[in-house]
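Protein chains in written order, with the working numbering: chain R, 1205 to 1409; chain L, 1205 to 1409. Heads up, the beta-carbon is just placed ideally off N, CA and C, and yes, glycines get one too.
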DNA sequence: CAGTGTGAAGATGTTCACAGCG
DNA sequence: CGCTGTGAACATCTTCACACTG
């Protein structure tokens, strides 16, 4: 059943390794050791080695990892060797902030089209992304063959929107609405829950 | 050292229990069982019971948990029985989206003041929150006795802003910048990392 | 007798410690 | 000699299973 029993946590850390590597590469370093990584990311160096070794023997004993090569490997593992088109539902506060957010412009992810049910928003453009009518969503997603959906609608609409996205062929959903979505298990779900983060945070204060 | 060795994961789930409870209360139910919770939240019922039992014996055998009472208990455990004022640094895309976001208006959290170093933004108001000059941040946070900071500045400025916040007396930081912040260990940190979420998500596709 | 609370077993993740290679 | 890769020990979290009680 499992791909190869790679801990979820390892996958969690890969993006951090990648980000760290990209910085290091910018600084011109050719090699990086697990100890080096572990300092920058506040984790155990054995963890770094184990994480990386799940995917192959990338390192050279006595030396470390070649930064360029490792970055390429991690990008490939994470499926970042292609550009991902996304559809965004809900062009309200957070939705339009994401449309304006240029962190995506680095190339891996791009919001191709946005949807809203507010007629005043439909037809407008934000940061070059057209806002279309909510009821055209399924068709557009299908026609454009979009596989990633972002949900930034109010909580009470989130499940319905998610269902429509899945129906239209979306395989992964990033949900900002504070609701637990019920999706077919083959659909991947990531949740960003700001209130939850705050509530956890203050527990520890 | 540990408070009482309550799993982080348990704390992670408390906000979900709470949200679920509030829905149930709205629907008029007086009791809820662990099995009931487990269906709604997709987790094991023993987990629910164990999580709740870390904090006391809240349930009644044969019946379940009293919704109102349990909600109150959880709010108290999470320290949500007071209002938390927050300071927000960086009134750009995400920052202003958070200012406009009315999920906070439920009462537990409120952005009291925002800061930006762009002179064009300073002096403006977004959703009733004044934007002040970045260099007044330390003083204002200290004067207003604010204990929670939100960082929505670009990644390369995040560490500096975080340091200033800590210097000014902030005890918890919610960071939206895609950087690993280095903070004194007594300062609580929560991270919202949208790109990381997406990168993880597509790994599984 | 339905549903809690909880030891004990099981599963998952992390760290240690060291053999082995460049 | 330095650093990787990895079995084994350890730590943490989840699930099972059942005694117990309102």
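Cutoff 9 Å: residue i Cβ touching any chain L Cβ
i, result
"residue 1366/R", "no"
"residue 1251/R", "no"
"residue 1304/R", "yes"
"residue 1407/R", "yes"
"residue 1206/R", "Note that residue 1206/R scores 38 on pLDDT, short of 50, meaning its location in the model is unreliable and no value can be drawn from it."
"residue 1300/R", "yes"
"residue 1211/R", "no"
"residue 1399/R", "yes"
"residue 1402/R", "yes"
"residue 1145/R", "Coverage of chain R is limited to positions 1205 through 1409, which leaves residue 1145/R absent and any answer about it impossible."
"residue 1392/R", "yes"
Residues near residue i by beta carbon distance below 6 Å, same chain, minus five either side
i, result
"residue 1394/L", "1378"
"residue 1237/R", "1268"
"residue 1359/R", "1381, 1382 and 1383"
"residue 1353/L", "1291, 1369, 1374 and 1377"
"residue 1345/L", "1291 and 1372"
"residue 1228/L", "1236 and 1271"
"residue 1253/L", "1238"
Any C-beta of chain R under 9 Å from that of residue i
i, result
"residue 1386/L", "yes"
"residue 1257/L", "no"
"residue 1222/L", "yes"
"residue 1376/L", "yes"
"residue 1219/L", "yes"
Simplified DSSP assignment, three categories, for residue i
i, result
"residue 1361/R", "helix"
"residue 1349/R", "coil"
"residue 1335/L", "strand"
"residue 1356/R", "coil"
"residue 1402/R", "helix"
"residue 1387/L", "coil"
"residue 1269/R", "strand"
"residue 1261/R", "coil"
"residue 1372/R", "coil"
"residue 1293/L", "strand"
"residue 1380/L", "coil"
"residue 1325/R", "coil"
"residue 1306/R", "helix"
"residue 1252/L", "helix"
"residue 1286/L", "coil"
"residue 1240/L", "helix"
"residue 1344/R", "helix"
"residue 1220/R", "helix"
"residue 1393/R", "strand"
"residue 1228/L", "helix"
"residue 1330/L", "strand"
"residue 1367/L", "helix"
Neighbourhood of residue i by C-beta distance below 8 Å, restricted to the same chain and skipping five residues each side
i, result
"residue 1218/R", "1255, 1278, 1281 and 1282"
"residue 1314/R", "1287, 1288, 1289, 1290 and 1308"
"residue 1226/R", "1275"
"residue 1413/L", "Any question about residue 1413/L goes unanswered here, given that chain L covers just 1205 to 1409."
"residue 1234/R", "1270, 1271 and 1272"
Proximal residues to residue i (C-beta, below 7 Å), its chain only, five neighbours per side dropped
i, result
"residue 1375/R", "1351, 1391 and 1392"
"residue 1248/L", "1242"
"residue 1299/R", "1292, 1318 and 1356"
"residue 1397/L", "1382"
"residue 1224/R", "1241, 1244 and 1245"
"residue 1401/L", "none"
"residue 1220/R", "1245"
"residue 1258/R", "1210 and 1214"
"residue 1343/R", "none"
"residue 1285/R", "1279"
Residue i Cβ short of 8 Å to the ligand GDP heavy atom set
i, result
"residue 1399/R", "The ligand content of the structure shown is nil, which means the ligand GDP is not present either."
When the Cβ atoms of the region 1304 to 1320 of chain R are set against those of the region 1261 to 1274 of chain R, are three or more pairs found closer than 8 Å? Taking 8 Å as the limit for Cβ pairs, the verdict is that the region 1261 to 1274 of chain R does not touch the region 1304 to 1320 of chain R.
With contact counted as at least three CB pairs below 8 Å, one residue from each stretch, are the region 1314 to 1322 of chain R and the region 1293 to 1305 of chain R in contact? Yes, they touch.
Pair every Cβ in the region 1383 to 1399 of chain R with every Cβ in the region 1329 to 1341 of chain L, then say whether three or more of these pairs are closer than 8 Å. Pairwise C-beta distances place the region 1383 to 1399 of chain R out of contact with the region 1329 to 1341 of chain L, as fewer than three of them are shorter than 8 Å.
Residues of the region 1324 to 1336 of chain L in Cβ contact with chain R at a cutoff of 8 Å, in chain order, please. Result list empty, no residue passes.
Contact set between the region 1344 to 1374 of chain L and chain R, restricted to residues whose Cβ is under 8 Å from the partner: Within the region 1344 to 1374 of chain L, the qualifying residues are 1351 and 1352.
Output needed in chain order: residues of the region 1224 to 1249 of chain L with a Cβ under 9 Å from some Cβ in chain R. So the list reads 1224, 1244, 1245 and 1246, given in the order they occur along the chain.
Tell me which residues of the region 1305 to 1319 of chain L have at least one Cβ-Cβ distance to chain R shorter than 9 Å, keeping chain order. Within the region 1305 to 1319 of chain L, the residues whose Cβ lies closer than 9 Å to some Cβ of chain R are 1305, 1306, 1307, 1308, 1310, 1312 and 1313, listed in chain order.
Using a Cβ cut-off of 8 Å, which residues of the region 1265 to 1288 of chain R contact any Cβ in chain L, in chain order? Within the region 1265 to 1288 of chain R, the residues whose Cβ lies closer than 8 Å to some Cβ of chain L are 1281, 1282, 1283, 1284 and 1288, listed in chain order.
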